[in-house]
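One structure is given below, encoded as structure tokens.
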Amino acid sequence: SCDATQFCNCSSMGLDFIPGGLTGKITVLNLAHNSIKHIRSEDLQQAVNLRALLLQSNKISSIDEDSFRPLGKLELLDLSNNSLAHLSPAWFGHLYSLQHLHLQGNSYRDLGESSPFSGLRNLSSLHLGNPWFSTIRQGNFEGIVVLDTLWIDGGNLSQYEPGSLKPITKINHMIINLRSIKVFSAIVSDLLHSVTWLEVREIAFTIPAEMQLLRVLSSSFANKISFKQALLTDATVPEIIVSILEDMPKLVEVEMIDCRLLGTGRWEIQIQANQSETVRILTIEKLSIEEFYLFTDLQSVEGLLSLLTKITVENTKVFLVPCSLSQHLLSLEYLDLSANLLGDQSLEHSACQGGWPSLQTLNLSQNSLSDLEMTGKSLSHLKNLILLDISQNNFGEIPDVCEWPKTLKYLNLSGTQIPKLTTCIPATLEVLDVSANNLKEFGLQLPLLKELYLAKNQLKTLPGAAPIPNLVALSVRRNKLNSFSGEEFESFKKMELLDASDNNFICSCEFLSFIHHQAGIAQVLVGWPNRYICDSPLAVRGAQVGAVHLSVMECHRSLVVLLICAVVFLVILTLVAIGYKYHAVWYLRMTWAWLQAKRKPKRAPAKDICYDAFVSYSENDSDWVENIMVRELEQACPPFRLCLHKRDFVPGKWIVDNIIDSIEKSHKTLFVLSEHFVQSEWCKYELDFSHFRLFDENNDAAILVLLEPIQSKAIPKRFCKLRKIMNTKTYLEWPPGEEQQEMFWFNLKIALRS
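Residues 36 to 789 in my numbering are what the sequence shown spells out, letter by letter.
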């Protein structure tokens with residue numbers, strides 16, 4: 036399970052113990068998703084160079100104290116999602132190089148009386164906690180000074196001794212999942228000067244009386260605070276805003292992701308807070324407001340937003356930004372309102388005169404815009420707007436003339452159902468993305484354009500170079516291009532990158548040859564890094580055009596594939612003809628019958644024998660067999676038990692299986708030979724099986740009865756042993772006279788009893 040880098044992947048193998056044979060060469064051992072319950076001291080003794088040990092999602096409930104002693108070079112240990120009821124300091128005492136320790140998802144309720152991590156001087160990230168984790172004591176984190184990430188899953192954390200986290204002087208990212216506001220306040224009190232980014236998950240801010248505990252945040256030196264899956268109400272939001280925005284001295288970014296607000300923005304008290312001098316970034320994603328259509332205009336917070344430079348409100352059902360709010364966003368440079376409900380009229384109101392005066396980047400993708408002319412006009416007064424993303428709206432047909440901000444350089448119109456481009460597109464653009472539309476041609480005059488993205492359209496020819504002389508990068512992948520030549524690139528003097536993958540042409544060898552042999556073109560393309568991306572082999576992609584030498588297969592792939600298919604067809608046709616002539620189908624059937632026979636014992640146990648003989652005959656000889664032979668033998672004294680296919684085969688069972696089982700359960704096999712027998716398909720199956728089963732065993736279990744004279748040459752040549760037996764051994768021949776028939780029956784009965 037190990038590769039060349041000594042990464043050994045033994046995950047999801049159903050192991051219930053650590054496999055033996057581990058050597059000092061192994062650097063990464065993945066034993067995740069197994070059923071390991073116990074780690075013994077000798078399991079990892081030889082893995083002295085192990086850097087990563089992944090044991091998550093097992094059933095580990097016990098670990099010998101010196102199990103990890105040899106792992107002095109271990110950097111990552113993942114014991115998450117197991118059944119550890121306690122943590123022992125002895126486990127980690129010799130892991131001097133450990134940087135990442137994952138212990139979440141076990142069943143321990145606390146970390147013990149002392150610190151399990153006191154010897155982990157190089158620890159960078161620590162993940163701990165579980166649904167039963169309830170207590171953190173002083174001394175639990177002794178020995179840890181600096182952490183990049185500390186993640187505590189404390190959904191039921193109810194007891195926190197003040198000062199427990201104070202030994203950690205610096206935490207870059209603190210993630211804490213809890214429900215108790217009191218515990219949250221106590222933890223924050225210990226981390227006022229040590230946490231850079233504080234992330235709180237699954238907490239409910241619903242009781243106004245508890246909000247006073249959040250005032251401790253005003254003394255925190257965190258640069259960023261995040262709330263994920265939190266619950267807020269109209270009654271608690273004002274206190275949260277005051278606690279965060281008023282006094283946090285170094286706060287730059289506030290983030291709310293996948294939270295829920297019970298209310299409509301009608302705060303019960305007027306927010307009395309000073310404007311934060313440090314907060315610059317506000318991110319709100321997937322905020323659920325059940326009655327979002329009743330939400331107010333947020334006049335009470337307008338005065339707190341003037342210094343924000345970056346706002347993201349994504350997938351939150353925003354259908355309108357009040358004009359007065361937009362006008363207060365004086366410093367806003369970046370605004371992302373993607374995946375909301377903004378329409379043409381609401382955008383006109385949101386981007387009113389005086390609104391967003393410093394805006395440079397605006398993302399309105401995945402909204403409900405449908406009028407490109409109105410969209411451009413609504414934004415035309417934004418004198419600093421450089422980048423506009425209005426992709427994945429539904430514009431359809433666009434007019435010939437539109438009004439845009441004169442500073443606009445980047446425009447994304449991908450996935451907007453535009454069938455044809457017009458001069459509505461601003462001539463000031465340097466980057467234009469019109470991918471995933473229904474375009475059949477591109478002929479716009481865009482003299483400043485440097486990057487053009489035309490992927491996933493219906494283009495059959497490349498854009499002309501003259502209207503876009505400064506083009507540096509062109510993407511035409513997934514169109515309907517079928518060919519192009521070097522002449523088409525003569526005027527693309529500044530082209531550096533062409534992506535023409537996933538089209539209808541094979542990699543253009545003519546184009547590569549053109550570059551090789553036309554010195555003038557090579558000089559024109561001297562500034563090109565010569566990355567030619569097309570449906571070429573992976574080894575060619577990104578290579579220097581001058582160094583590429585494609586084979587005939589790569590240049591004429593369709594022709595070569597056609598020839599290969601033709602040759603394969605002829606070979607198959609020839610094999611079928613040869614097989615028909617030399618009875619290949621018969622030999623396949625014989626092989627199958629032989630395999631079936633080989634799977635069973637050569638002789639059935641005596642208790643399984645049901646018949647004295649299995650009778651193999653042609654349907655055309657059934658009158659003699661059923662009315663004469665069966666009556667004579669089954670009414671004899673003692674009577675013989677015969678197996679006939681008409682009477683004794685199991686209905687619904689495959690006929691070949693019936694034949695094999697009947698022969699297996701019979702002492703003898705009685706073949707009634709005639710011209711009809713030789714021509715019978717099912718008699719052939721019975722002979723096929725007996726050919727292997729009976730004659731190859733050199734026994735006398737086969738009895739041949741010649742019902743009518745038949746020449747040996749009339750038997751098919753493939754039954755060579757049957758022909759040989761008829762030529763070398765005695766068989767019974769049905770006589771015409773009655774006196775001779777009595778001797779025939781006597782001899783047949785003797786043969787059946789032998």
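Even glycine gets a Cβ: it sits at the ideal position worked out from N, Cα and C.
(message) Measuring only the C-alpha atoms, how far is LEU597 from ILE607?
(response) Position 562 of the sequence shown, counted from the start, is the residue given in the question as residue 597. Position 572 of the sequence shown, counted from the start, is the residue given in the question as residue 607. Answer to the nearest angstrom: the Cα atoms are 15 Å apart.
(message) Between ARG104, LEU340, VAL348, which has its C-alpha nearest VAL287's C-alpha?
(response) Numbered from its first residue, the sequence shown carries residue 287 at position 252. Distance from the Cα of VAL287 is smallest, within the candidate group ARG104, LEU340, VAL348, for LEU340.
(request) Using only alpha-carbon positions, find the residue among LEU422, ASP406, LYS441 that is nearest to SER415. (result) Start at 1 with the first residue of the sequence shown, and residue 415 comes out as number 380. Scanning LEU422, ASP406, LYS441 for the CA closest to the CA of SER415 turns up LYS441.
(request) Ignore the nearest five residues each way along the sequence and tell me which others in GLN173's own chain have a CB closer than 6 Å to its CB. (result) As a first step, residue 173 is located in the sequence shown; it is residue number 138 there, counting from the start. So the qualifying residues of the chain are GLU196, GLY198, SER199.
(request) Specify, as a first and last residue, the run of the beta strand (DSSP E) that ASN44 falls within. (result) Against the sequence shown, residue 44 aligns to sequence position 9. Its beta strand (DSSP E) spans residues 42-44.
(request) May I have the straight-line CA-CA distance separating GLU774 from LYS688, to the nearest angstrom? (result) Against the sequence shown, residue 774 aligns to sequence position 739. Against the sequence shown, residue 688 aligns to sequence position 653. Those two C-alpha atoms are separated by around 42 Å.
(message) I need the straight-line Cα distance from ASP293 to GLU320, nearest angstrom please.
(response) The residue labelled residue 293 in the question sits at position 258 within the sequence shown. The residue labelled residue 320 in the question sits at position 285 within the sequence shown. Straight through space, the alpha carbons of GLU320 and ASP293 are spaced by roughly 6 Å.
(request) Compare the beta carbon distance of TRP678 and SER697 with 7 Å and say whether it is the shorter of the two. (result) For the purposes of this step, residue 678 is taken as residue 643 along the sequence shown, with counting starting at 1. For the purposes of this step, residue 697 is taken as residue 662 along the sequence shown, with counting starting at 1. In the sequence as presented, Trp is not what sits at residue 678; that position holds Cys. In this structure, CYS678 places its C-beta atom within 7 Å of the C-beta atom of SER697.
(request) Report yes or no: do three or more beta-carbon pairs, one from the stretch 208-227 and one from the stretch 186-196, lie closer than 8 Å? (result) Because the criterion of three Cβ pairs below 8 Å is met, the stretch 208-227 and the stretch 186-196 touch.
(message) Quick check on the burial criterion: 16 or more other C-beta atoms within 10 angstroms. Buried or exposed for TRP627?
(response) Here residue 627 is taken as the residue at index 592 of the sequence shown, counted from 1. Exposed, since its Cβ has fewer than 16 Cβ neighbours within 10 Å.
(message) Need the endpoints of the alpha helix (DSSP H) that GLU432 sits in, please.
(response) For this step, residue 432 is matched to residue 397 along the sequence shown. For GLU432, no alpha helix (DSSP H) segment is defined, and its DSSP state is neither H nor E.
(request) Determine the DSSP secondary structure at THR170, reduced to helix, strand or coil. (result) Working through the sequence shown from its first residue, we reach residue 170 at position 135. Three-state result, THR170: strand.
(message) Is the beta carbon of THR299 closer than 7 Å to that of LEU266?
(response) Walking along the sequence shown from the start, residue 266 turns up at place 231. Walking along the sequence shown from the start, residue 299 turns up at place 264. Taking 7 Å as the Cβ cut-off, LEU266 and THR299 do not qualify as a contacting pair.
(request) Can you give me the Cβ contacts of SER220 inside the same chain, cut-off strictly under 6 Å, excluding the 5 residues immediately before and after it? (result) Against the sequence shown, residue 220 aligns to sequence position 185. Only LEU248, VAL251 meet the Cβ criterion.
(message) Beta-carbon within less than 6 Å of VAL740's beta-carbon, same chain only, minus the 5 sequence neighbours each way: which residues are those?
(response) If you number the sequence shown from 1, residue 740 lands on position 705. Within the same chain, VAL707, LEU767 come within 6 Å of VAL740 by CB-CB distance, once the 5 residues on both sides are set aside.
(message) Please classify CYS43 as buried or exposed, where buried requires at least 16 neighbouring CB atoms within 10 angstroms.
(response) Numbered from 1 along the sequence shown, position 8 holds the residue referred to as residue 43. Flag for CYS43 reads buried.
(request) Return the CA-CA distance between LEU464 and ASN207, expressed in angstroms with no decimal places. (result) Locating residue 464 in the sequence shown gives position 429, where the first residue counts as 1. Locating residue 207 in the sequence shown gives position 172, where the first residue counts as 1. Rounded to whole angstroms, LEU464 to ASN207 spans 41 Å at the Cα level.
(message) Please identify the residue among ASN514, LYS444, GLN41 whose C-alpha is closest to the C-alpha of LEU489.
(response) As a working mapping, residue 489 is identified with position 454 in the sequence shown. Relative to LEU489, the option among ASN514, LYS444, GLN41 whose CA is nearest is ASN514.
(request) Taking the CB atoms as reference points, tell me whether GLN261 and GLU234 lie closer together than 7 Å. (result) Reading the sequence shown from its first residue, position 226 is the one you call residue 261. Reading the sequence shown from its first residue, position 199 is the one you call residue 234. What sits at residue 261 in the sequence shown is Ser, not Gln. Yes, the Cβ-Cβ distance between SER261 and GLU234 is below 7 Å.
(request) Rank ASP225, THR184, MET209 by C-alpha distance to the C-alpha of PRO202 and give the top, closest one. (result) In the sequence shown, the residue the question calls residue 202 occupies position 167. When ASP225, THR184, MET209 are compared, the shortest CA-CA separation from PRO202 is found for ASP225.
(message) Classify PHE477: buried if its beta carbon has 16 or more other beta carbons within 10 angstroms, exposed otherwise.
(response) As a position in the sequence shown, residue 477 is number 442, starting the count at 1. Here PHE477 is buried, its C-beta having at least 16 other C-beta atoms within 10 Å.
(request) Between the Cα of ILE453 and those of LEU446, ARG788, VAL469, LYS444, spot the shortest distance and give me the residue it belongs to. (result) The sequence position of residue 453 within the sequence shown is 418, counting from 1. Put simply, of LEU446, ARG788, VAL469, LYS444 the residue whose alpha carbon is nearest the alpha carbon of ILE453 is VAL469.
(message) Quick check on the DSSP output: the beta strand (DSSP E) that includes SER261 runs from which residue to which?
(response) For the purposes of this step, residue 261 is taken as residue 226 along the sequence shown, with counting starting at 1. For SER261, the enclosing beta strand (DSSP E) stretches over residues 259-263.
(message) Distance check for LEU296 and ASP269, CA to CA, integer angstroms please.
(response) Start at 1 with the first residue of the sequence shown, and residue 269 comes out as number 234. Start at 1 with the first residue of the sequence shown, and residue 296 comes out as number 261. Taking the straight line from one Cα to the other gives about 8 Å.
(request) Report the rounded CA-to-CA distance for SER132 versus ALA120, giving the unit in angstroms. (result) Reading the sequence shown from its first residue, position 97 is the one you call residue 132. Reading the sequence shown from its first residue, position 85 is the one you call residue 120. If I take the Cα positions, the gap works out to 25 Å.
(message) Can you tell me whether THR609 is helix, strand or coil according to DSSP?
(response) Mapped onto the sequence shown, residue 609 falls at position 574. For THR609, the secondary structure class from DSSP, reduced to helix, strand or coil, is helix.
(request) Just grab the DSSP bridge partners of ASP424 for me. (result) Residue 424 sits at position 389 when you count from the first residue of the sequence shown. Answer is ASN398, ASN447, bridged to ASP424.
(request) Taking only the alpha-carbon atoms, compute the straight-line gap between THR496 and LEU114 and give it to the nearest angstrom. (result) In the sequence shown, counting from the first residue as 1, residue 496 sits at position 461. In the sequence shown, counting from the first residue as 1, residue 114 sits at position 79. Going by the C-alpha atoms only, they are around 58 Å apart.
(request) Look at the alpha carbon of LYS485 and the alpha carbon of ILE460, and state the distance between them as a whole number of angstroms. (result) For the purposes of this step, residue 485 is taken as residue 450 along the sequence shown, with counting starting at 1. For the purposes of this step, residue 460 is taken as residue 425 along the sequence shown, with counting starting at 1. In a straight line, the C-alpha of LYS485 is about 15 Å away from that of ILE460.
(request) Give the straight-line distance between the Cα atoms of ALA786 and ASP643, rounded to the nearest whole angstrom. (result) On the sequence shown, position 751 is the one that residue 786 refers to. On the sequence shown, position 608 is the one that residue 643 refers to. Across the structure, ALA786 and ASP643 are spaced so that their CA atoms are roughly 21 Å apart.
(request) Drop a sphere of 10 angstroms on the beta-carbon of GLU669, count the other beta-carbons inside from all chains shown, and report buried for 16 or more, exposed for fewer. (result) One-based indexing of the sequence shown puts residue 669 at position 634. By the neighbour-count criterion, in which a residue is buried when 16 or more other Cβ atoms sit within 10 angstroms of its Cβ, GLU669 is exposed.
(request) Determine the extent of the alpha helix (DSSP H) in which ASP683 is found, giving its start and end residues. (result) For the purposes of this step, residue 683 is identified with residue 648 of the sequence shown, where counting begins at 1. Start and end: 680-683.
(message) Let me confirm a value: ILE425 is counted as buried when at least 16 other C-beta atoms fall within 10 Å, else exposed. Which label applies?
(response) Counting from 1 along the sequence shown, the entry for residue 425 is found at position 390. That one is buried.
(message) Tell me which residue opens and which closes the alpha helix (DSSP H) that ASN65 is part of.
(response) Residue mapping note: residue 65 aligns to position 30 of the sequence shown, counting from 1. Note, ASN65: premise wrong, no alpha helix (DSSP H); beta strand (DSSP E) at 63-65.
(message) When you compare the CB positions of LYS72 and LYS94, do they come within less than 7 Å of one another, or not?
(response) As a working mapping, residue 72 is identified with position 37 in the sequence shown. As a working mapping, residue 94 is identified with position 59 in the sequence shown. Yes, the pair counts as a contact, with Cβ atoms nearer than the cut-off.
(request) Please report how far the alpha carbon of ILE171 lies from the alpha carbon of HIS162, in whole angstroms. (result) Position 136 of the sequence shown, counted from the start, is the residue given in the question as residue 171. Position 127 of the sequence shown, counted from the start, is the residue given in the question as residue 162. About 14 Å.
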